[in-house]
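Colleague:
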Amino acid sequence: MKITAVKPYIVGNGRNLTFVKVETDTGIYGVGEAGITWKELAVAGAMDHLGELIIGEDPMRTEHIWQVMLRGAFFPGGKVVSSAMSAIDIALWDIKGKVLDQPVYNLLGGLVRQKAVCYPHIGGSTPEQIAENARKIVDEGWKFVRFGLSDETPNILEPSRAVRSSIKRFEAIRKAVGDDIEICIDIHTRLDPPHTVALCRGLEPFRPFFLEDPLRSENTSSFHNLRKHVAAPIAAGEHYATKWEFRELVEEDLIDYARIDLCIVGGITEAKKITGWCETHYINIAPHNPLGPVSTAACLHLDLASTNFGVQEMPRKPGTSLTNVFPVQMKWEDGYLLPPDAPGLGVEFNEEEAKKHPYQKVTPPRLHRLDGALTNW
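With this note's numbering as the guide, the letters of the sequence shown map in order to residues 407 to 783.
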């Protein structure tokens, strides 16, 4: 069996999503998904370049092909190339499962749990609104809630004010949902260390499940100082490509939850390695998944086969978006994603429907301080 085509698809859906279809000479194909939103054209271009390297290869040789994609053009590619690699790698695992007539989780070691708990995203401009939204999703069956650090003024993030506001919102959610529901807050790399410490200490009495991306990701050494001052669990890693970018956070025990993004880090092949590495440091995984149905499926297979799983990000219930492009998606029930029975990833891709949703130019959101300076979104 040989790879015959690597075909990228950018699907406009309000937010563009980047998929790939890898075809073989047997008619069996696989689908994958790439991360790095707002750079979709670059990622699709990288898929074309990588396709030149791997067409003619045996798709069952996932490790070999991963090495060819990373090292076959000499220059390390960075996150855009790793996102393209991720999509192709996920598609190859889809092919492998279909060839062997097994769900991917069986190829990763088999089920170690019967379902994977997940969390949605909630919002609200006031403590009262966000508390009410939390109540509603808990009534739907979710066991977790997650909200993001924000200011009281649209498009503005003034750190001290955002810290005070977020503590009030967290307290309101805790009072609304009680002690049995877990709460996560995504700081989204928006604060500097002093403000992060103030926020984290202010939240500790309300027992957060984790504090996500409390600092910017460029300098992982900054987590050493944070770790000295914060007792609550820390989650980070969604920005990182390949195992090497995770090295310091894992080896120095600077995080409690690894936010591995399978669509950026290098696909299932690389995510499995990082997950095993985390296990030796008692770090659980909480895969990053703000994307589409293929990302959800890839994450779920890893979750189901990994002993050190914490929680899965799931912004919306499967089957509520892009159902014409992906008529078969993962199943959700009472706050959990359920194992698929079909071989491969367990999603179905309608190529012709994908073409009906072309790329749309989307301007990334921006946040500023009160003085006009740009801050992380």
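Built from N, CA and C at the ideal position, the CB exists for glycine as well.
The structure presented is a predicted model; accordingly, all values stated were derived computationally and were not measured.
(1) Might you give, ordered along the chain, the residues of its own chain that have their beta carbon closer than 8 Å to the beta carbon of glycine 584, omitting 5 neighbours on each side?
(2) Where asparagine 690 and glutamate 758 are concerned, what is the direct C-alpha to C-alpha distance, given to the nearest angstrom?
(3) Determine the DSSP secondary structure at tryptophan 472, reduced to helix, strand or coil.
(4) Who are the Cβ neighbours of alanine 692 in its own chain at under 6 Å, not counting the five residues just before and after it?
(5) Could you check where the beta strand (DSSP E) with valine 510 kicks off and where it finishes?
(6) Between which two residues does the alpha helix (DSSP H) harbouring valine 671 extend?
(7) Return the chain-ordered list of same chain residues with a C-beta closer than 6 Å to the C-beta of leucine 660, the five sequence neighbours on each side being excluded.
(8) Buried or exposed for valine 486, going by 16 or more other Cβ atoms inside 10 Å?
(9) Count the other C-beta atoms from every protein chain shown that fall within 10 angstroms of the C-beta of histidine 470, then say buried if there are 16 or more, exposed otherwise.
(10) CB proline 565 to CB leucine 597, shorter than 7 Å?
(11) Based on Cα-Cα distance, which residue from Pro620, His645, Tyr646 and Thr713 lies nearest to proline 639?
(12) Taking DSSP's pairing of strands, which residues face aspartate 747 in a bridge?
(13) Just the C-alpha distance for valine 671 and tyrosine 742, rounded to the nearest angstrom, thanks.
(14) Note the first and the last residue of the continuous beta strand (DSSP E) segment covering threonine 410.
(15) Quick check: the stretch 757–771 against the stretch 421–428, are at least 3 beta-carbon pairs closer than 8 Å?
(16) Starting from lysine 574, follow the alpha helix (DSSP H) in both directions and report where the run begins and ends.
(17) Should glycine 752 go down as buried or exposed, given a rule of 16 or more other Cβ atoms within 10 Å for buried?
(18) Return yes when the Cβ of cysteine 524 is within less than 7 Å of the Cβ of methionine 720, no when it is not.
(19) Can you name the start and end residues of the alpha helix (DSSP H) that arginine 552 belongs to?
(20) Can you tell me where the alpha helix (DSSP H) with threonine 602 in it begins and where it stops?
(21) Leaving aside the five residues before and after valine 544 along the sequence, list all residues of the same chain whose C-beta is less than 6 Å from its C-beta, in chain order.
(22) When the Cβ atoms of the stretch 479–494 are set against those of the stretch 421–440, are three or more pairs found closer than 8 Å?
(23) Determine the direct distance from the alpha carbon of alanine 578 to that of proline 533, and round the result to whole angstroms.
Modeller: To lay it out plainly:
(1) Counting from 1 along the sequence shown, the entry for residue 584 is found at position 178. The beta carbon of glycine 584 lies closer than 8 Å to none in the same chain, with the five residues before and after it left out.
(2) Along the sequence shown, one-based indexing puts residue 690 at 284. Along the sequence shown, one-based indexing puts residue 758 at 352. The C-alpha of asparagine 690 lies about 39 Å from the C-alpha of glutamate 758.
(3) Against the sequence shown, residue 472 aligns to sequence position 66. In the displayed model, tryptophan 472 falls within a helix according to three-state DSSP.
(4) For this step, residue 692 is matched to residue 286 along the sequence shown. Take alanine 692, set aside five residues on each side of it, and the residues of its chain with a beta-carbon closer than 6 Å to its own are Ala641, Tyr663, Arg665, Gly716 and Val717, in chain order.
(5) Mapped onto the sequence shown, residue 510 falls at position 104. Unbroken run through valine 510 is the alpha helix (DSSP H), 510–513; no beta strand (DSSP E).
(6) Start at 1 with the first residue of the sequence shown, and residue 671 comes out as number 265. For valine 671, the enclosing alpha helix (DSSP H) covers residues 668–671.
(7) The residue you call residue 660 lines up with position 254 of the sequence shown. If we look at leucine 660 and ignore the five residues flanking it on each side, its Cβ neighbours are Phe629 and Arg633.
(8) Sequence index remark: in the sequence shown, residue 486 carries index 80 (1-based). By the neighbour-count definition (other C-beta atoms within 10 Å, threshold 16), valine 486 is a buried residue.
(9) Taking the sequence shown and counting its residues from 1, the one referred to as residue 470 is at position 64. Around the CB of histidine 470, fewer than 16 other CB atoms lie within 10 Å, so the residue is classed as exposed.
(10) To locate residue 565, count along the sequence shown from 1; it is residue 159. To locate residue 597, count along the sequence shown from 1; it is residue 191. Yes, they are a contact pair.
(11) Against the sequence shown, residue 639 aligns to sequence position 233. Checked all of Pro620, His645, Tyr646 and Thr713; the closest Cα to proline 639 is Pro620.
(12) For the purposes of this step, residue 747 is taken as the residue at position 341 of the sequence shown. Bridge partners of aspartate 747 according to DSSP: none are assigned.
(13) If you number the sequence shown from 1, residue 671 lands on position 265. If you number the sequence shown from 1, residue 742 lands on position 336. Rounded to the nearest angstrom, the two C-alpha atoms are 24 Å apart.
(14) Translated into positions along the sequence shown, residue 410 becomes position 4. Threonine 410 -> beta strand (DSSP E) spans 409–417.
(15) With a cut-off of 8 Å on Cβ pairs, the stretch 421–428 is in contact with the stretch 757–771, counting three or more such pairs.
(16) The sequence position of residue 574 within the sequence shown is 168, counting from 1. Start and end: 565–583.
(17) Within the sequence shown, numbered from 1, the residue matching residue 752 stands at position 346. It is buried - the Cβ of glycine 752 has at least 16 other Cβ atoms within 10 Å.
(18) The count along the sequence shown starts at 1 and reaches residue 720 at position 314. The count along the sequence shown starts at 1 and reaches residue 524 at position 118. Less than 7 Å divides the Cβ of methionine 720 from the Cβ of cysteine 524.
(19) The residue given as residue 552 occupies position 146 in the sequence shown. Membership of arginine 552 in any alpha helix (DSSP H) is not indicated; the residue belongs instead to the beta strand (DSSP E) covering 550–554.
(20) Position 196 of the sequence shown holds residue 602. Residues 599–609.
(21) Taking the first residue of the sequence shown as position 1, residue 544 is located at position 138. Result list for valine 544: Val583 and Ile587, in chain order.
(22) Counting Cβ pairs under 8 Å, three or more are found: they touch.
(23) Residue mapping note: residue 533 aligns to position 127 of the sequence shown, counting from 1. Residue mapping note: residue 578 aligns to position 172 of the sequence shown, counting from 1. Rounded to whole angstroms, proline 533 to alanine 578 spans 6 Å at the Cα level.
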